[in-house]
Amino acid sequence: MAKIKHNNFLDTVDEVITNATNAGVLHLHAEGPGLNGRKIKVNGIESFHFGTTGYLGLEQDQRLKNAAIEAIQKYGTQFPLSKTYISHPLYAELEEKIEAIYNNPILITKNSTLGHIAVIPTAVRDEDAVILDHQVHWSVQNAAQFLKIRGIPVSLIRHNSMDMLEDRIKRLSGKVKKIWYMADGVYSMYGDYAPIEDLISLCEKYPQLNLYFDDVHGMSWKGHNGSGYVMEVLKELPEKILLFGTLSKTFGASGAVLVCPDRKLFRKIKNFGGPLTFSAQLEPSAVAAASTSADIHLSTEIYSLQKALQLRINYFNELLSKTNLPLISKNDSPVFYIGTGLPATGYNFVKRMLDEGFFVNLGLFPAVPVKNTGVRITISCHNELEDIKALVDALEYHYEKALNATNNTLERVGKAFNIGLNPTTIKEKSGSDVSVNYAESIEDIDTDLWNKLLGSHNMLNKEGLQFLEKCFSHNDQKEHNWNFHYFIITDQKDDPILATFLTSGLWKNDMLAPESVSKAIEQDRESNPYAMTTKVLSMGCLFTEGSHLYLDHKHSQSEEAIKELLLRIEALGERLRTGMCVLRDFKKSIALAEVFQKEGYIPVSMPDSCVINNLDWNSEEEFLETLSSRSRKHFRKEVLPFEDKFHISILDFPTPEKIDTYHELYKNVKSKNFGLNTFTYPKKVFQNMASDKNWEFIELKLQKENQIVGVMFCYKNKEGIYVPNLIGMDYDYAREYQVYRQLLYQTIKRAKNLNFQKIDLGFSASFEKRKFGATIIEKQAFIQTSDNFLLEQLDMMRNEIS
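Here's what the structure looks like:
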């Protein structure tokens, strides 16, 4: 089958970040003549700074500043030479001090991102495998991508899931030499910890297992000599562990540090660790500042600083415990996360805090699932206790305001994060002025009203939906059973504002993934048919395509109706326990995109849709005149010469034997079409077509061979639309006789003969369909899920295969 366009994860992230930037909560600029750590000026407002990762405040320590200034005066702004050749004079002293902190061999890198790129491809051998915690820092995941070029298996597991990790270890154990598990010591968004004791137990149980920790957020404020959270737990570092700390963030300078107890591996990394060999070394000022900070870490002063920070952390925790603010992960780290659920609430909350004079960070997709948007707050030694008290007062006041301003509730936030919350102090959302009519069968919907609103699209008229309800119920396989949900929203005069239908059923997670990804996953499905599948609540259904939403955009309550629909969908998804909600088949750049995104949906590209609107011709020559000159040449070469090779039949009620043949031809196409990877439809669907007056079959039989080689399954919508919904072909003859192109042409001729005004050609093969005069429409969908793991897993597979 011809290829179709697929969503690119980067495009999705770009749209989300752009939306947040336009809301004024990202890509901000600090202002003013200087910084002191306690306050920061943003948008002309001097704010208390609760967004730093310099938790001990050492970046403002005068001793570090003096050391940096003196180093510049003595050695210049940089030492422009690879450290492999020669280090500048201050390096040896710094390395000696950092080694004393860790009591192990160390390597200093320009930063942690370059450090991971230097270390991971060197430490991990071709015969090894890598398992990544789904929330391990991007810099680790990015460095691991380089391993795939060498054929090294790299996979994700859910965050801190020891059961999933052990299962993955068992699956890999007989295939690879070493298994590397990579995680953060302290995670940067929620401030939670890696289960280090459990991981050490797994290492003892499975000798192949090695651990790789990025502990940059655990550095300095934890551990003996500020060696970090991981060292606080372990005390001593086993040879099977590689550890990254940082000389920036809390350490107060620049650079990062690898701790490597394995001296043989240490030598290999030092001798040829990518950026270690070919990149510039740290500037003299950064080395001098780090060396001075190391003196502090090696003295008892570090424990006074740690104690001072812990006092502030405990105070903040104590104040938060007296509020209803939804703290997502309670611990003793300096990172806190207040959940807002909806992005709209997060934007509003952060903006309110900025205007009030408190700088906090927004946590949003892809760092967290889109429904887990929230506000990330960090505590540092710069913050006075009175600042922290003022912060909590402002958080408590503005959180309620942000919820009410965005029609959100504390109860909804709790459901988004799977935590119980007491909603008593939050005002309930005021009642809506629109009325919602809900039904679970098209039989309970007024026929004339439904057909007026949506009946002229695809096969969405009442008879088409009756057919679908009949086909996708009471089937043996769970993937062939769908539940239908109809919504009509009206105003106080009972005039319709909105209408749509949704279905809930099992989807393949890779449905919209590139063909190469689906092929790889299908190999797993040979032993587990339901691998990587999810119960989805989707606008429309997998059998239909096109506009599934009627909306009176001119109505004054149209946005209210949309938001009410989204609330109902959210409640429906909770009741049905679906893992994902999909609003689909919208034209690109729709006005509703911003509304959907603020309500917790991320945009993804859909395959292009193809329609033919121009059937205003009466002969073959007139049809050709509607095509471009290039398409006319194609038609005369690839279509017209083959028409007389076929006996072309239009069948309304084919025999059971014919349906058997047609079903096999359909399965031929389905088995090759991974571009839109859905479950194969059962024979029951085609048997129902054969007894339904609204369906007909365009059959191509080769005259010479007397062989049926192609069939188009077409729905006749009485509202003027011809819908060639499915296709079947015999691939032994398809290329030689141009079967696909001939089916397209015969479909167009048939629609014209029946006086239809439009042909819905659906997804896929847009390049081919364009040759027949089809208009290509860019489409997008909007996805809501509380599980980033699925999206990141698919994106990783895409990168691995490409």
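All residue numbers for the sequence shown refer to our numbering, where the first residue is 273 and numbers rise by one.
Idealized CB from N, CA, C, for every residue including glycine.
Residue pairing for Y758: DSSP places it in a beta bridge opposite A711 and F773. In the DSSP annotation of this structure, the continuous segment of the alpha helix (DSSP H) that includes T933 starts and ends at P928 to K944.
One Cα belongs to L437, the other to E469, and the distance between them is close to 14 angstroms.
Burial state of L353 is exposed, judged by a 10 Å Cβ sphere holding fewer than 16 other Cβ atoms. A residue is called buried when at least 16 other Cβ atoms come within 10 angstroms of its Cβ; P879 meets this threshold and is buried. Counting only residues of its own chain and dropping the five nearest sequence neighbours on each side, D604 has a CB closer than 8 angstroms to the CB of Q582, I585, N586 and N589. In the three-state scheme derived from DSSP, where H, G and I count as helix and E and B as strand, M731 is classed as coil. In the DSSP assignment, I717 forms no beta bridge with any residue. Judged by DSSP in its simplified three-state form, R335 adopts helix.
Sixteen is the threshold: when 16 or more other Cβ atoms of the shown chains lie within 10 Å of the Cβ of I380, as they do, the residue is buried. For K955, the CB contacts under 6 angstroms within the same chain, skipping 5 residues up- and downstream, are H935 in chain order. Taking the Cα positions, N291 is about 30 angstroms away from A455.
Annotation: the continuous beta strand (DSSP E) that includes S881 extends over I874 to I884. Restricting attention to Y363, T394, E342 and L506, the CA atom closest to the CA of Y374 is found in L506.
Per DSSP, H670 is not a residue of any beta strand (DSSP E); the alpha helix (DSSP H) it occupies stretches across L657 to A677.
Here G463 carries a coil assignment [DSSP, helix/strand/coil]. A check of alpha carbon separations from A1006 across C532, A674, D796 and Q979 identifies Q979 as the nearest.
Taking one beta carbon from each stretch, the region 607–624 and the region 674–685 have 3 or more pairs nearer than 8 angstroms; the two touch. Taking a contact as a CB-CB distance under 8 angstroms, the pair K835 and N679 counts as one, their CB atoms being some 6 angstroms apart.
M434 counts as exposed, since fewer than 16 other C-beta atoms from the protein chains shown sit within 10 angstroms of its C-beta. A Cβ-Cβ separation of about 7 angstroms places I378 in contact with E367 under the 8 angstroms criterion. When secondary structure is reduced to three states using DSSP, Q1014 falls in the helix class.
Taking C-alpha positions only, S571 is separated from R797 by approximately 58 angstroms. Collapsing the DSSP output to three states places Q979 in a strand. Every unbroken stretch of the alpha helix (DSSP H) spanning 4 or more residues and falling wholly within the region 615–659 is given here in chain order: 615–628.
The alpha carbon of M1001 has as its nearest neighbour, out of R1013, E991, W967 and G992, the alpha carbon of R1013.
Assigned with DSSP and collapsed to three states, H496 falls in helix.
In the structure shown, the three-state DSSP call for T612 is strand.
Comparing alpha-carbon positions, the option among S576, R624, L599 and K1021 lying closest to L330 turns out to be S576. Membership of C475 in the alpha helix (DSSP H) is indicated by the continuous run I468 to K477. For K311, no alpha helix (DSSP H) segment is defined; the enclosing uninterrupted segment is the beta strand (DSSP E) at K311 to V314.
Around the beta carbon of R849, fewer than 16 other beta carbons lie within 10 angstroms, which makes this residue exposed. Contact check between the region 528–544 and the region 299–313: fewer than three CB pairs, one atom from each, fall below 8 angstroms, which does not count as touching. Between V883 and I1031, the C-beta gap is smaller than 8 angstroms, which places the two residues in contact.
Annotation: the continuous beta strand (DSSP E) that includes V854 extends over M852 to K859.
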